[in-house]
Structures are given as structure tokens and as C-alpha cells.
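Shown next, in C-alpha cells, is the structure this report addresses.
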Amino acid sequence: MGEAFSSRSYMRDLKLPFCPGCGLFALSDTFLRAVYELGYKDLSNFIFTSGIGCTSWIPSPYFKADSVHTLHGRSIPPATSIKLLKPDFHVVVFGGDGDIVGIGLSHFIHAARRNTDILVIMGNNMVYGMTGGQVAPTTPYKAHTTTTPYGSFEHPLDAAKLAVAAGAAYVARWTTAHLSELKGSIKKAIQLQGFRFIEVVTQCPTAYGRRVGFKNVGEMLRWFKENSIPVKQAEGMSEEELEGKIVVGEFVERKRPTLVENVRALLKEAQKGGKKD
Amino acid sequence: MASKTFFWQGNEACVEAAIIAGCRFFAGYPISPANEISEYMAERLPKVGGIFMQMEDEIASIGAVMGASWCGEKAMTATSGPGFSLMQETLGWGFMTETPCVVVDVQRVGPGTGQATKAAQGDVMQARWGTHGDYSVIALSPNSVQEMFEVTIRAFNLAEKYRTPVIVLTDEIIAHVREQVVIPPLEDVTIINRKKPKAEDKIFFGLENVAPMPSVGEGFNVAVTASTHDEYGVRFTADPKVHRRMVEAINNKIKKSVDDIVEVENYNIDDCRVGIVSFGCTSRAVYEAVEAAEAKGIKAGYVRLKTIWPLPEKQIRRLAESAERIIVPEMNLGQLYHEVKRIACSRDVVPLNKIGGGEMITPEEILAEILRGR
């Protein structure tokens with residue numbers, strides 16, 4: 003493979019902005035390792051879009067690449083048009099749970115439905131971290147956040163299951179305690195077509211961990227590891243048994259005509275007999 | 213090639229003009245009275261190698277348009293008041309990232325759902341101040357199907373030239389009325405394309421004389437963000453100096469080019485007692501009213517705004533030098549009126565408003581207002 007891996011060679015000369023102990027250092031690094039192991043010496047085959055939130059900062063502007071940093075929740079629509087117009091590039095979306103399945107949920111579902119050829123990587127820290135730790139659609143039931151001082155009275159959303167139901171081509175979930183598996187999924191997903199979704203449960207010690215009683219990052223990672231249930235094992239468990247657990251692994255891998263394929267076919271059909279102005 | 217004549221509705225003329233201007237990406241969401249634009253686009257674009265997407269909402273539509281523009285394509289969306297409201301945040305993204313695109317707002321009665329199929333002119337201020345923060349906007353207003361054709365091409369040209377979203381502020385009447393349209397020979401149509409960077413260029417943002425715009429996938433490693441950024445695209449979310457410099461640049465590139473952007477239709481403005489300032493469908497009634505006033509021996513003149521934003525202040529001021537009374541007819545409860553009053557403050561500026569049901573202000577009503585001041 004030649005040169006040894008160095009994340010810096012894929013990054014601008016800027017310091018990542020994350021808090022000490024943040025899981026997003028590992029997510030950024032794991033993504034770049036996957037890219038490296040696939041043989042890409044730089045990111046010139048990739049175009050990134052992201053929204054607003056800590057995870058959205060990973061590519062923008064830290065990756066030495068084209069990155070379109072959009073509004074909160076709005077990274078998927080521009081990724082859709084970019085993929086349609088630049089089909090030879092890997093279009094990768096980075097976003098947090100609030101960004102992707104809170105404010106931007108509709109775009110997420112429709113991109114899965116269309117089988118849009120993009121890879122969405124969602125850092126799920128179970129909270130709105132950047133704004134100070136407010137309750138998110140992914141916050142565990144009863145958890146204390148800055149806007150649920152008496153505990154969350156809402157049920158969390160299972161983004162991975164939702165992506166499967168909506169028609170995604172590939173769905174996986176790992177945590178920052180499963181970096182090797184995560185890297186494997188990223189490598190696989192980059193090489194597949196259609197809508198690919200990887201959820202990464204990640205620790206936010208600043209805005210979540212300390213408020214729900216974790217003393218340090220190590221405790222959070224241990225919690226991820228001990229609470230994780232492989233997909234196959236989860237299939238045989240009841241809803242009650244799965245309460246508060248993190249189901250990890252690959253949820254689906256399937257082939258169905260993708261948006262790019264469908265639009266290509268449409269253009270061919272419309273232009274039968276030659277282009278007309 | 214000779215010119216060609218068609219009998220089109222406004223929305224159809226808009227689509228044909230966009231395609232001639234080079235538009236090859238359209239994303240939209242169903243809404244009356246803009247639907248025909250999507251429908252014609254869905255049929256026409258694939259034939260010329262373009263892509264049409266019906267997105268899940270207006271927010272996604274304009275988001276996809278912005279993404280397409282960063283791929284180097286000329287892109288457009290069309291909507292009406294409620295959808296235009298939903299697009300405002302992303303329009304702000306477009307102003308801040310200097311993303312050329314065209315947004316057609318076919319105005320209907322509001323606020324709220326209002327009267328979905330009926331004409332109004334209530335989005336004048338939404339077009340100017342719809343998103344938050346400090347920005348300058350270009351908004352054009354056609355008053356015929358022929359002009360819908362011309363204004364749409366001009367909207368793309370201005371968007372590319374100044375690297376900014378441009379709004380075509382039309383209304384249900386111009387969008388749906390069918391009129392004759394003459395398309396000039398295509399070689400006579402001016403088409404402007406964006407300035408592209410040279411291989412060694414590094415500055416892509418925040419220049420008063422408009423920075424070159426790379427596309428994604430061209431190897432420039434461009435970082436596009438609507439957070440405050442410097443000329444290289446690097447975020448500075450707390451530095452007051454960078455913010456002032458960049459926001460002043462995106463405003464000044466429009467402000468210093470007002471004379472290039474503004475287009476009006478003037479009649480008798482240097483020698484009138486009564487002046488009328490109007491735009492869009494309402495201006496059609498002004499022609500007849502002024503003729504009738506002249507028949508009664510009253511010297512009347514008008515400024516008709518083909519460009520609403522930036523406001524043609526010079527032309528309105530000139531009208532105010534001769535006209536003692538200025539009437540501002542519009543299908544809202546008074547939006548453009550306040551701007552005219554501000555400019556012509558020493559004159560008797562009179563609003564003439566009508567809302568609801570898509571009922572136009574008639575020539576008789578304008579004439580009555582002209583005569584009232586005699």
C-alpha cells in the first residue's frame with residue numbers, strides 16, 4: 003500500500019474543533035482510514051455535504067476536498083443534485099442525529115425511498131451537542147438533558163430501522179467502541195451503489211455524558227460496548243429486553259434500481275431520436 | 213435563423229426562456245399557481261439533457277438547486293408565496309455563499325394559505341427581506357408573457373454575472389394569461405455565464421467585483437459554507453472584521469451595479485402632474501388609465517418597475533421632480549408604497565390597494581384616483 007496512513011494527509015492544516023474526549027475524532031479518523039485502505043491517496047474522488055452540528059464539521063472545512071456545508075438538516079437535497087450531476091464521484095454526507103433525523107428527517111426518508119446514490123454517515127450522540135445538550139429525537143427514554151430536566155418523556159427514534167423501511171440499499175450501525183467494524187462498513191458502503199446509511203453511536207462527554215452520570219469517556223465507551231446487541235441476537239429479543247440497548251451490525255444490504263440509474267434511463271428514453279432544443 | 217412566434221401562457225414562456233438561458237436543472241414542489249412551470253420542465257428538460265426533480269418540499273427543492281449550481285449548472289425552482297416562505301432560509305444560504313440560481317415566485321393571495329389560485333402582489337417585501345441578516349437582492353417583475361420570457365433569461369444572466377440568487381417576482385395573472393411571444397433568433401439572445409477560476413486561483417468568495425466560482429469535482433477543494441467565511445471559504449464565526457468585510461462585499465457587488473441591474477419603463481416622467489409607480493399585472497391597467505387621463509387634459513406619467521429590487525430610486529426621484537402627486541397601485545395593502553413615499557417624501561404619495569379574489573385594480577379605479585387630485 004506504500005505510505006503509512008496519516009489522517010493529516012487528507013486534511014487541511016486546521017485543528018479539529020471538537021471537545022476533549024469527543025467521539026468525532028475517532029469517526030473522522032476511521033472514515034479516512036477506510037478511504038486510505040481502499041487505495042485513495044487523496045479525496046479527489048469524493049464530494050462532501052454536511053449540515054449544521056458537530057458531526058457536520060468533520061468534512062467542512064477540515065477535509066482537503068470539495069465540501070458543501072449547508073443549513074441545519076439540509077445536507078441531503080444538495081447531495082442529491084450533486085450526485086445526479088457528478089455521478090462519477092462518491093458523494094458522502096456527514097451529519098448528527100439532530101441534523102439528519104430531527105430537522106432533516108424528511109429528506110433522509112425520501113433519499114432512502116429514491117435509493118439516492120449517496121452515503122450518509124450519522125454521528126449519533128443522542129443529544130443536541132453544539133447548542134448545549136438539549137433533548138434530541140434519539141435521546142434515550144427518561145434521560146436528563148438541558149431541556150428534559152425531569153427526564154425525557156419521549157421515545158427515541160431508531161434511525162437504522164427507519165432507513166431499512168424506507169428502502170435504503172445498505173444500513174449499518176456501530177458505536178465508537180466498534181471502530182474496526184465501523185471501518186469495515188464504511189469501506190463496504192463506499193463501494194456499493196444506492197442509498198447507504200451508517201449510524202455511529204458516539205460519545206458527547208461535554209453535553210450528554212456528564213449530565214447522565216458518566217464520570218469519564220472510558221465509562222461511556224464501556225457503556226456502548228456492554229449495551230450493544232448484535233442484529234442477529236436482537237431478532238430473538240422482545241421490545242422490553244431491547245429497551246435501552248444499542249443494536250449493532252448490518253441491518254440490510256440489497257440491490258434495487260438507484261436514482262442515478264433511473265434518471266439515466268429516463269434521459270435515454272426522453273432523447274430517443276436525438277436531443278431536441 | 214428567423215424569429216419565431218408562439219402563443220404561450222406566462223409559465224410556459226418562463227420554461228422556454230430558462231432552457232434558452234442554459235438552465236439544465238430544475239427542482240420544485242407542487243404549488244398553485246406555479247405548477248405549469250414544473251410540468252413543462254419535467255417534459256422539456258430531459259429532452260435537452262437536463263434533470264428535473266420533484267422534491268419532498270420547497271426546502272429540498274431549493275437545496276437541490278443550490279447543489280446543482282455548485283456543480284456548474286444553471287438551476288432554477290418555481291413556487292408561490294407559501295413555498296417562497298419555506299425557501300427563505302436557503303435563499304439566505306445562497307446569498308452568503310454567492311450561489312447563482314433563479315427562483316420564480318408566482319404570487320398568490322396570502323397570508324397563510326390565503327387564496328391559492330388567485331393573483332396578488334403581496335410578496336414585494338418578502339422578496340426583499342424574506343431571510344435574516346444583511347443582504348441585497350435582485351428581483352425582476354414582468355408584466356406580459358413576452359416579458360416573462362425576456363425577464364427569465366435576464367434573471368439567469370444577472371444570477372451568473374453577480375453570483376447571486378435572482379428572483380422573478382411574477383403573479384398568477386402573468387403566469388396564466390396567454391399572449392403572443394416572439395422569440396428572437398437565438399444568436400441575438402445575450403447569454404452570460406459565470407466567471408470560472410484559473411487553475412492557480414484560491415480566492416472564491418467575497419469580492420466586490422465578483423469572485424470566480426469553481427464547481428465541485430474540479431479539483432479546487434472548495435469549502436462552501438454560509439457561516440461567515442473569508443475569501444478562501446474558511447469559517448470565522450466570531451471575528452467581526454471578517455464578517456463586516458465579507459457581508460459588505462456581497463452587498464456592494466449589487467449596490468454599485470444598480471444602473472446595470474435596474475430596468476424600468478418610463479412614460480412622460482419629466483412633464484407630468486400626476487405620476488404612477490407600478491409593477492407586474494397592475495401596470496397593465498396603468499397604460500389605459502394614463503391614456504384616459506390625457507384625453508381629459510391631465511398630464512400623467514409613469515415609472516413601471518421591471519426591476520423591483522434593487523429599487524429604481526433614481527427613476528422614481530426623477531418622476532417626483534415633476535409630479536405633484538404620485539399614485540402607487542398594487543395588489544396588497546401597501547408595500548411598494550412605503551418605498552416610494554420614502555423617496556418622494558415632499559410629494560403627495562397615494563396608495564391604491566386591492567386584495568382578494570385575484571381582482572385586478574382597474575383602469576377606471578386608477579383614473580378616478582388621478583382625477584381626485586385635480
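First to last, the protein sequences are chains A and B.
To convert, take the position in the first sequence, counting from 1, and add 2; that gives the working numbering.
To convert, take the position in the second sequence, counting from 1, and add 212; that gives the working numbering.
The C-beta atom is built at its ideal place from N, Cα and C for all residues, glycine as well.
Since the structure is predicted, the reported quantities are computational estimates derived from the model, not experimental observations.
Could you give the DSSP three-state label for Phe96/A: helix, strand or coil?
-> As a working note, residue 96/A is residue 94 in the first sequence. In the structure shown, Phe96/A sits in a strand (DSSP, three-state: E or B).
What are the boundary residues of the beta strand (DSSP E) that includes Ile105/A?
-> Taking the first sequence and counting its residues from 1, the one referred to as residue 105/A is at position 103. Per DSSP, Ile105/A belongs to no beta strand (DSSP E) and is neither H nor E.
Along the stretch 65 to 85 of chain A, what residues have a CB closer than 8 Å to any CB found in chain B?
-> Lys66, Ala67, Asp68, Ser69, Val70, His71, Thr72, Leu73, Arg76, Ile78, Pro79, Pro80, Ala81, Thr82, Ser83, Ile84
Identity of the residues DSSP links to Leu381/B by a beta bridge | Counting from one through the second sequence, the residue named residue 381/B turns up at place 169. DSSP output for Leu381/B lists Asp317/B as bridge partner(s).
Could you please give the first and the last residue of the uninterrupted alpha helix (DSSP H) stretch that includes Glu2/A?
-> The question about residue 2/A has no answer here: the residues shown for chain A are numbered 3 through 279.
Using 8 Å as the limit for Cβ to Cβ distance, is Met278/B near chain A?
-> The count along the second sequence starts at 1 and reaches residue 278/B at position 66. Taking Cβ atoms only, chain A reaches closer than 8 Å to Met278/B, which makes this a yes.
To which residues of the same chain is Glu362/B closer than 8 Å at the C-beta, ignoring the five residues directly before and after it?
-> Sequence index remark: in the second sequence, residue 362/B carries index 150 (1-based). Hits under 8 Å: Ala229, Pro354.
Check the Cβ of Asn433/B against every Cβ in chain E and list those closer than 7 Å, keeping chain order.
-> The displayed structure is made up of protein chains A and B, and chain E is not among them.
Beta-carbon contacts of Thr82/A that lie in its chain and below 6 Å, excluding the five residues immediately before and after | Locating residue 82/A in the first sequence gives position 80, counting from the first residue. Answer for Thr82/A: Thr118, listed in chain order.
How about Phe219/B and Gln392/B: do their beta carbons lie closer than 8 Å?
-> Within the second sequence, residue 219/B is the residue found at index 7, counting from 1. Within the second sequence, residue 392/B is the residue found at index 180, counting from 1. Cβ distance < 8 Å, so Phe219/B and Gln392/B count as in contact.
To the nearest angstrom, how far is it from the Cα of Thr140/A to the Cα of Ile123/A?
-> Here residue 140/A corresponds to residue number 138 of the first sequence, with the count starting at 1. Here residue 123/A corresponds to residue number 121 of the first sequence, with the count starting at 1. Their backbone Cα atoms lie some 15 Å apart in a straight line.
Under 8 Å between C-beta atoms, does Trp305/B make it to chain A?
-> Counted from its first residue, the second sequence places residue 305/B at position 93. Output row for Trp305/B: interface = yes.
What number of angstroms, rounded off, separates the C-alpha of Leu232/A from the C-alpha of Ser348/B?
-> Indexing the first sequence from 1 puts residue 232/A at position 230. Indexing the second sequence from 1 puts residue 348/B at position 136. In the sequence under discussion, the amino acid at residue 232/A is Pro, which differs from the Leu named in the question. The alpha-carbon atoms of Pro232/A and Ser348/B are separated by roughly 54 Å.
How about Lys508/B: is its C-beta nearer than 8 Å to some C-beta of chain A?
-> Position 296 of the second sequence, counting from 1, holds the residue named residue 508/B. Chain A contact via Cβ: absent.
Give a yes or no on whether 8 Å exceeds the smallest Cβ distance from Ile49/A to chain B.
-> Position 47 of the first sequence, counting from 1, holds the residue named residue 49/A. Judged by the 8 Å Cβ criterion, Ile49/A is in contact with chain B.
Output yes or no for whether 8 Å exceeds the beta carbon distance between Glu542/B and Thr494/B.
-> Along the second sequence, read from residue 1 onward, the residue named residue 542/B stands at position 330. Along the second sequence, read from residue 1 onward, the residue named residue 494/B stands at position 282. Yes.
Using 8 Å as the threshold, is the stretch 92 to 109 of chain A in touch with the stretch 312 to 330 of chain B, meaning 3 or more CB pairs across them?
-> no
Helix, strand or coil: how does DSSP classify Phe199/A here?
-> Start at 1 with the first residue of the first sequence, and residue 199/A comes out as number 197. Here Phe199/A sits in strand by DSSP.
Enumerated in chain order, which unbroken segments of the alpha helix (DSSP H) with a length of 4 residues or greater are wholly contained in the stretch 128 to 216 of chain A?
-> 161 to 168, 181 to 193
Mapping DSSP to helix, strand and coil, what is Asn463/B?
-> As a working note, residue 463/B is residue 251 in the second sequence. In the structure shown, Asn463/B sits in a helix (DSSP, three-state: H, G or I).
Contact set between Ala438/B and chain A, taken where Cβ atoms lie within less than 9 Å | Sequence index remark: in the second sequence, residue 438/B carries index 226 (1-based). His71, Thr72, Leu73, listed in chain order.
Hey, would you say Thr72/A sits closer than 8 Å to Thr51/A, going by beta carbons?
-> Here the question's residue 72/A lines up with position 70 in the first sequence. Here the question's residue 51/A lines up with position 49 in the first sequence. Cβ atoms of Thr72/A and Thr51/A: closer than 8 Å.
May I ask which residues mark the beginning and end of the beta strand (DSSP E) holding Thr289/B?
-> As a working mapping, residue 289/B is identified with position 77 in the second sequence. Segment 286 to 291, the beta strand (DSSP E) holding Thr289/B.
With Cys313/B and Met278/B assumed to form a contact (beta carbons below 8 Å), what rounded beta-carbon distance in angstroms separates them?
-> Numbered from its first residue, the second sequence carries residue 313/B at position 101. Numbered from its first residue, the second sequence carries residue 278/B at position 66. Between Met278/B and Cys313/B the Cβ distance is about 7 Å, and since that is below 8 Å, they are a contact.
Spatial neighbours of Ala532/B within its chain, please: CB distance less than 6 Å, with the 5 preceding and 5 following residues excluded, ordered by chain position.
-> For the purposes of this step, residue 532/B is taken as the residue at position 320 of the second sequence. Correct list, in chain order: Ala556, Arg559.
Along the chain, where does the beta strand (DSSP E) that runs through Thr217/B open and close?
-> Taking the first residue of the second sequence as position 1, residue 217/B is located at position 5. From DSSP, the beta strand (DSSP E) with Thr217/B extends over 216 to 221.
Residue interval of the beta strand (DSSP E) (run including Ser356/B) | As a first step, residue 356/B is located in the second sequence; it is residue number 144 there, counting from the start. Note, Ser356/B: premise wrong, no beta strand (DSSP E); not H, not E.
Let me know if Trp282/B comes out buried or exposed under the rule of 16 or more other beta-carbons within 10 Å of its beta-carbon.
-> Here residue 282/B corresponds to residue number 70 of the second sequence, with the count starting at 1. That one is buried.
Contact set for Pro396/B: own chain, Cβ-Cβ below 8 Å, skip 5 residues either direction = For the purposes of this step, residue 396/B is identified with residue 184 of the second sequence, where counting begins at 1. Here the set comprises Ser215.
Identity of the residue in Ala423/B, Asp472/B, Gly418/B nearest Arg457/B by Cα = As a position in the second sequence, residue 457/B is number 245, starting the count at 1. Among Ala423/B, Asp472/B, Gly418/B, the Cα nearest to that of Arg457/B is on Gly418/B.
Going by the beta-carbon positions, is the gap between Ser244/B and Arg320/B smaller than 8 Å?
-> As a working note, residue 244/B is residue 32 in the second sequence. As a working note, residue 320/B is residue 108 in the second sequence. Yes, the pair counts as a contact, with Cβ atoms nearer than the cut-off.
Can you find a CB in chain A that lies within less than 8 Å of the CB of Ile271/B?
-> By one-based count along the second sequence, residue 271/B stands at place 59. With 8 Å as the cut-off, Ile271/B counts as an interface residue toward chain A.
Please check the pair Cys235/B and Met288/B, which I expect to be a contact at CB under 8 Å, by giving their CB distance rounded to whole angstroms.
-> By 1-based counting over the second sequence, the position of residue 235/B is 23. By 1-based counting over the second sequence, the position of residue 288/B is 76. That pair is a contact at about 5 Å.
Min CB distance Arg584/B to chain A below 8 Å = As a first step, residue 584/B is located in the second sequence; it is residue number 372 there, counting from the start. Answer no: the Cβ-Cβ gap between Arg584/B and chain A never drops below 8 Å.
Within its chain, find whatever has a CB closer than 7 Å to the CB of Val401/B; leave out the 5 residues flanking it on each side and keep chain order.
-> Sequence index remark: in the second sequence, residue 401/B carries index 189 (1-based). Contacts found: Ile232, Ile365.
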